[in-house]
Amino acid sequence: MWKRDEAVKPTSSQPATPAPVVSQPATAPTAAPQPEIRRIERDMVNIGKSVVIKGELNGSEDLTVEGHVEGRIELKDHVLTIGPNGKIKAQVFAKAVIVLGEVNGNVTASEKVDIRDGGSVDGDIIAPRVAIAEGAHFRGSVDMQRKGQPAQQSSKAAATSAQSSSQAQPQPAAH
Amino acid sequence: MSVALSDLFSRRRKEPADPDAGDAPAHPTKVLTRFVASLSARTQPVLLDLGPVVGANVSFFGEQLGCKIIVEDISKDIDRHVRDGKLDDLPASLSKRFPQESESIDGILCWDVFDYLDKKSARSLAEQLTRVLKPDGVLLAFFTTAQPQPGTRPEYTRHVVVNATTLQHRPYPAARARQRPLPNRDIQLMFEPLRIGEQFLLKTNLREVLFRKKPAEAGTSER
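In order, the protein sequences belong to chains A and B. Numbering-wise, our numbering puts 161 at position 161 of the first sequence, and it's gapless, one number per residue. Quick note: to get our numbering, add 1000 to the position in the second sequence (first position is 1).
Given below as C-alpha cells:
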C-alpha cells in the first residue's frame, strides 16, 4: 500500500492532471512508442463533416476530408483520404489518394489512387498504380504511365513503331 | 448452446467465400489473346471499356500493357433509360454518348453489352464505336447465341480479366434482360466498315468476335 501511494504522487512541482493519460491511446502498449503516436497524430489533419472549403488547399501533412472542398487540393508528398462523407469538386494532386467518398475532378497521384467500396470518382486519374474496389463508381480515364516510358509521343512515331513491330512480330505474346 | 455457437462461427468464416470475394468461375476466352496482342504492339494505346469498372482489368491493361483506359459503362445508361421509362430515347442518347474524337481509340472492349440492346440502339452504338476507333484498331465483342429464357432474373455480367486466356464472369443485377440474339449477318452489317478479324463460337453459346478497322492507306494516315 505504501509503495503504491508513493508511485501515484507527482514527481515535479506541477499539479498532476489526468489530461496526458486521457490523450494516450488505450492501445499504446508501453511508454516507448508514445512520441511516435504523437507525431502521427500531429501529421494528420481532418477536415470535418460540416466544413466547406472553396479555393486552393496546399499542405505538407496527410489530410482526411470529411467535408466539402471545391477548387484545388495539393499535397505533393502526402496522403489524401476522402472519407465516406467527403465531397470533393476539385483537381487533386497528392502522393496517394484514398477515396471512400465522392470526387468530381481529375486526380493525379505520384504513387497510388485507391477507390474503395462505396467511393466515387468522376474524372481522369493519372497514377502509376490504381486500385478500384468492386462497388466503387468510376467514370473517366485511367492513365498509368509505365516507368521509363515517355509521357507523350508523336502519333507518327507511335504508328511507325506499331507497324514495324507488328511486321517483325506477327503475334507478340502478352506475358 | 455450444453447438449453436460453433455453427455460427463456421458460418461467419464462410462469408468471404461469396462470388464477390473473387472466386467466380473461370471461363476460357479465345479472342482476348488476339486483342491483347494487337494492343501490345502499340505505344501507349488508348482503350475504351464499355463495361463496369473492374479494378483487375484496370491493372491488367494499365500496368501490364501501359494502356490509357477510358471507362464508359453502358449498362448504367441502359438501366437509367429503363428506370425512367425512356427506352425509345436510348438510340439518340447513345449517338451523343461518346465525347472522344474520331479515330482516337486503339481498342474497344464491348464485352456483351450488345446483348442488352434493341437493334436500333445497337446500330447507334456500333456507329459511334466505328467512328472513334483508329485505323487498324480492334474491337472485342461477345454475342450470345442462346435465346433469352423467360422468368429468369435479369443480370449483367462483369467480365474480370484473370489473364489473356481466362475471364471470370461475375453476375450483377440488371434492369433489362438480354434481348433476342443477333444473327451473324446483322452483326456484320451493324459494324461495317469494320471487318471480322477473328470469330469463335464457344461451348457456352457465346460468340466471341474481334473486329478490326481497315488500316489507313499510305498518304491518308496524316490527319
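Glycine residues also receive a C-beta, built at the ideal position from the N, C-alpha and C atoms. Quantities reported herein were computed from a predicted structural model and do not represent experimental measurements.
Proximity below 9 Å, CB of residue i to CB of residue j
i, j, result
"B/Gly-1085", "B/Pro-1045", "no"
"B/Thr-1166", "B/Thr-1029", "yes"
"B/Ala-1175", "B/Pro-1154", "yes"
"A/Gly-94", "A/Val-103", "The residue you asked about is not Gly; residue 94 of chain A is Ala in the sequence shown. Against a cut-off of 9 Å, the Cβ pair of A/Val-103 and A/Ala-94 comes out as no contact."
"A/Ala-127", "A/Val-97", "yes"
"B/Arg-1212", "B/Asp-1088", "no"
"A/Met-44", "A/Leu-63", "yes"
"A/Asp-122", "A/Gly-140", "yes"
"B/Leu-1065", "B/Asp-1077", "no"
"B/Pro-1148", "B/Arg-1178", "yes"
"A/Gly-67", "A/Val-99", "no"
"B/Ile-1069", "B/Leu-1094", "no"
"B/Val-1161", "B/Gly-1197", "no"
"A/Ala-133", "B/Ser-1059", "no"
"A/Glu-70", "A/Ile-47", "no"
"B/Leu-1210", "B/Arg-1034", "yes"
"A/Thr-108", "A/Ile-88", "no"
"A/Lys-49", "A/Asn-85", "yes"
"B/Lys-1119", "B/Leu-1202", "no"
"B/Leu-1206", "B/Phe-1143", "yes"
"A/His-78", "A/Gly-105", "no"
Residue i at chain A interface by Cβ criterion, 9 Å
i, result
"B/Pro-1102", "Per the sequence shown, residue 1102 of chain B should be read as Ser rather than Pro. Answer no: the Cβ-Cβ gap between B/Ser-1102 and chain A never drops below 9 Å."
"B/Glu-1063", "yes"
"B/Gln-1199", "no"
"B/Ser-1124", "no"
"B/Gln-1128", "no"
"B/Arg-1185", "no"
"B/Lys-1214", "no"
"B/Arg-1170", "yes"
"B/Arg-1131", "no"
"B/Arg-1158", "yes"
"B/Gln-1179", "no"
"B/Gln-1044", "yes"
"B/Asn-1205", "no"
Per-residue contacts from residue i into chain B (C-beta, under 8 Å)
i, result
"A/Ile-132", "Val-1053, Val-1054, Gly-1055 and Val-1058"
Distance between beta carbons of residue j and residue i, contact taken as under 8 Å
i, j, result
"B/Ala-1141", "B/Phe-1114", "6 Å"
"B/His-1159", "B/Gly-1055", "The pair is not a contact, with the Cβ atoms about 13 Å apart (cut-off 8 Å)."
"B/Arg-968", "B/Ser-1102", "There is simply no residue 968 of chain B to check, as chain B begins at 1001 and stops at 1223 in what is shown."
"B/Phe-1200", "B/Val-1036", "In fact, because the Cβ distance is near 15 Å, the residues do not count as touching under 8 Å."
"B/Ala-1126", "B/Phe-1191", "5 Å"
"B/His-1027", "B/Thr-1152", "About 19 Å separates the two Cβ atoms, so there is no contact after all."
"B/Glu-1072", "B/Leu-1047", "Wrong, their Cβ atoms sit about 11 Å apart, outside the cutoff."
"A/Ile-73", "A/Gly-101", "Wrong, their Cβ atoms sit about 13 Å apart, outside the cutoff."
"B/Gly-1062", "A/Val-142", "6 Å"
Contact list for residue i against chain B, beta-carbon separation under 9 Å
i, result
"A/Ser-139", "Per the sequence shown, residue 139 of chain A should be read as Arg rather than Ser. Going along chain B in sequence order, the residues near A/Arg-139 (Cβ under 9 Å) are Val-1053, Val-1071, Glu-1072, Asp-1073 and Lys-1076."
"A/Ala-136", "Val-1053 and Gly-1055"
Any C-beta of chain B under 9 Å from that of residue i
i, result
"A/Val-99", "no"
"A/Thr-108", "no"
"A/Arg-72", "no"
"A/Ala-19", "With a pLDDT of 34 at A/Ala-19, under the threshold of 50, the modelled position of that residue is not reliable, and the figure given next carries that caveat. False, the Cβ-Cβ gap to chain B never drops below 9 Å."
Proximal residues of chain B, C-beta to C-beta of residue i below 7 Å
i, result
"A/Asp-62", "Here the premise fails: no neighbours, minimum Cβ distance about 23 Å."
"A/Asp-176", "The first residue shown for chain A is 1 and the last is 175, placing residue 176 of chain A beyond what the model contains."
Short CB-CB distance (under 9 Å) between residue i and chain E
i, result
"B/Gln-1149", "Here chain E cannot be found, since the structure's protein chains are A and B."
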